[in-house]
Amino acid sequence: CGVFGAYRVSSAAALSYYGLHALQHRGQEGCGIAVSDGKNISCQKGKGLISEVFNEESLSKFNGDIAVGHVRYTTAGGNTIENVQPFLSVSHKGTLALVHNGQIVNAKELRCKMEDEGSIFQGTSDSEIVLHLIQRQKGSLLEKIQKTAQMMEGAFAILVMSENSIYAVRDKYGLRPLSYAKVQDGYCISSETCAYDVIAGTDIVDIKPGEIVKFSDGKVEHFSYTNDIKHCLCAMEYIYFSRPDSTLDGINVHLFRKKSGVLLAEYDKDLEADIVIGVPDSSISAASGYAEARRLPYEMGLIKNRYVARTFIQPTQELRDRGVRMKLSAIRSIVENKRIVLIDDSIVRGTTSKRIVRLLKEAGALEVHMRIASPMICSPCFYGVDTSTKEELIASRMNVDELKEYIQADSLKFLNVEDLCKIKGGTGLCTACFDKQYPTELYSYKKIVE
Ligand code: 5GP
Ligand code: SF4
Ligand code: MG
């Protein structure tokens, strides 16, 4: 998911529209914006893309200079309208709107406890629990949010908006990215920095793990809610999830991917090949790094059709195969009679790689050497990235040799975990889906990993 907030900027809803549009790659299933005019909070949300849910007319009716918004991608909870954010809670103290990116691993435990004590939940999303928890605490809104953050285990980048303030909260592991920037005379907060380019944001500041940043009375204040900090930003944010023009915790995503390609090239000093091809779009950066390091030509051997339906339903193998043909095609004149190094960012179920190798061979490729710019994904994510269930993860069933046979590549190599971490300076990355080193307690998910 992606979160966006605007504090004291004119037409906060319209600005949030642009911000969320830049974050659309983080979730396409639903979206919403809540706006405050200083007295009242109003909210609009729906299923689908930001351009499908909002239009000029609906945005112009949305007055106010404070807003929070969300693009949704389903992990915890189902894809129903009750789970589309922002979530609102109305009490005699006022209204709060909340948006959340991540997944709370002790949500079930917190929810059961609250239900036993009388809480009633509308949806199945764990983000709703956060709002209830905040409402139950005593003290100032900051204190309530601090206490709530201390109770939650897992991944969260959360924005809480009251009638006249926004609080931005990042979990103590910094699993999900979150930053803010100066925009006009106010501020915007975003999951990714690419949103600031569209809205002319400057002076970008990363919100630190374990921090709460309060936007109130026209100023910004930083607070921490714990000293127990272990920085490990999700590696998949760099590998696949984030946009290449975003900078996360000080490292640009494109450059991170390019470096992963350079490191992959070091495994291949003796491999003879003619061209390097990246699987569009997310693997192009890594492929360019590999090609540069090995002084091989980078070629556009695969073309992506941009207009493939987002939720292409593929009930049969035949239709799934056609799906990949609709999405990608090989350029015969480039790949014919060539020994190809094919770079992809990751292997999850293994089906895409298998099809692409076949596509290239059918177009006349002599050899296809597959290189993956991440380690083997062998364990599920419980922090808000849909890396699939353990059964579906092909690397949980096969070793590299078996996988090579399965996808029918001439050779197959993965980036190792150590090299992956090296790109971020040796520490500071979550790599749990590769090495099962989950940074948090896992509660009810523990049995899945064992
Ligand atoms: P503070 O600066 O004390 O952290 O919070 C500023 C405002 O937040 C005050 O107006 C306070 O009443 C309000 N506040 C505290 N708890 C809540 C709450 O649960 N919901 C809303 N909307 N406002 C709250
Ligand atoms: Fe990211 Fe994998 Fe960690 Fe999940 S388990 S947060 S996908 S690195
Ligand atoms: Mg890909």
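Using full-length UniProt numbering, read the sequence shown as starting at 9 and increasing by one per residue. Ideal Cβ placement from N, Cα and C applies to all residues, glycine included. These figures come from a predicted structure and were not determined experimentally.
Throw me the rounded Cβ distance for the residue i and residue j pair, which I believe falls under 8 Å.
i	j	result
Q111	F390	6 Å
V261	Y246	6 Å
D353	A381	5 Å
C441	T395	5 Å
T448	V79	That pair is no contact at about 24 Å.
K346	D282	4 Å
S254	T210	Not a contact, Cβ separation roughly 16 Å.
I174	T103	With 8 Å as the limit, I174 and T103 do not qualify as a contact, their Cβ atoms being about 13 Å apart.
V43	G54	That pair is no contact at about 15 Å.
P383	L428	6 Å
E400	R357	5 Å
L141	L106	Their Cβ separation, rounded to whole angstroms, is 10 Å, which puts L141 and L106 out of contact at 8 Å.
G436	D257	7 Å
R251	H33	6 Å
Which value, in whole angstroms, describes the spacing of the CA atoms of residue i and residue j?
i	j	result
K222	G27	20 Å
E413	K362	10 Å
E64	K146	40 Å
G46	N172	5 Å
L279	A371	22 Å
R318	A30	Because R318 carries a pLDDT of 46, less than 50, the predicted location of this residue cannot be relied on, and the following value inherits that uncertainty. Cα-Cα distance, rounded: 17 Å.
S127	L96	15 Å
K277	E161	44 Å
E125	G297	55 Å
S291	I351	6 Å
V365	L272	19 Å
K152	R184	22 Å
I321	Y233	Caution applies to I321, whose pLDDT of 44 falls short of 50 and renders its modelled position unreliable; the value that the coordinates give is listed next. If I take the Cα positions, the gap works out to 44 Å.
C438	A243	6 Å
P323	G218	Its pLDDT being 49, under 50, P323 is placed unreliably by the model, and the measurement read from it follows with that caveat. Straight-line Cα distance between these residues: approximately 43 Å.
K335	I402	22 Å
V287	F12	29 Å
Q154	E458	33 Å
Y453	Q192	44 Å
V270	I220	37 Å
S18	N71	9 Å
D205	N407	42 Å
R405	S387	11 Å
residue 1	D214	The question about residue 1 has no answer, for the chain in this structure spans 9 to 458.
T359	S148	52 Å
A299	L263	14 Å
A21	Y81	21 Å
State buried or exposed for residue i, treating a residue as buried only when at least 16 other CB atoms are found within 10 Å of its CB.
i	result
H377	buried
Y25	buried
P305	exposed
R265	buried
V138	buried
Q445	exposed
H108	buried
R144	exposed
I385	buried
residue 476	Past the edges of the chain, shown from 9 to 458, lies residue 476, and the structure says nothing about it.
V98	exposed
D225	exposed
I303	It should be noted that the sequence gives Arg, not Ile, for residue 303. Per the 10 Å Cβ criterion, exposed.
G194	buried
G182	buried
I89	exposed
K180	buried
T156	buried
Should residue i and residue j be called a contact, given that it needs their Cβ atoms to be closer than 8 Å?
i	j	result
M169	I74	yes
I41	G77	yes
L167	R178	no
I348	L367	no
E136	Q130	yes
C240	A14	no
S293	I311	no
Y451	K216	no
L420	I207	no
I415	S268	no
residue 500	V92	Not covered by the structure: residue 500. The range shown for the chain is 9 to 458.
G392	V343	no
A176	I212	no
Could you give the uninterrupted runs of the alpha helix (DSSP H) lying entirely in the segment 363 to 418, keeping only those of 4 residues or more?
Secondary structure in the segment 363 to 418: the alpha helix (DSSP H) runs of 4 residues or longer, each lying completely within the stretch, are 408 to 415 in chain order.
Counting only runs that start and end within the segment 111 to 162, where is the alpha helix (DSSP H) found for 4 or more residues in a row?
Correct list: 115 to 124, 135 to 144 and 149 to 159.
Length-filtered (4 minimum) alpha helix (DSSP H) runs lying within the segment 164 to 240:
Taking only runs of at least 4 residues, the alpha helix (DSSP H) segments lying wholly in the segment 164 to 240 are 202 to 206.
Let me know the beta strand (DSSP E) ranges lying completely inside the segment 242 to 295, each 3 residues or longer, listed in chain order.
The beta strand (DSSP E) runs of length 3 or more contained entirely in the segment 242 to 295 are, from start to end of the chain, 283 to 286.
Residue ranges of each beta strand (DSSP E) within the segment 33 to 106, 3 or longer:
Listed in chain order, the complete beta strand (DSSP E) runs (minimum 3 residues) inside the segment 33 to 106 are 38 to 44, 49 to 55, 74 to 80 and 95 to 99.
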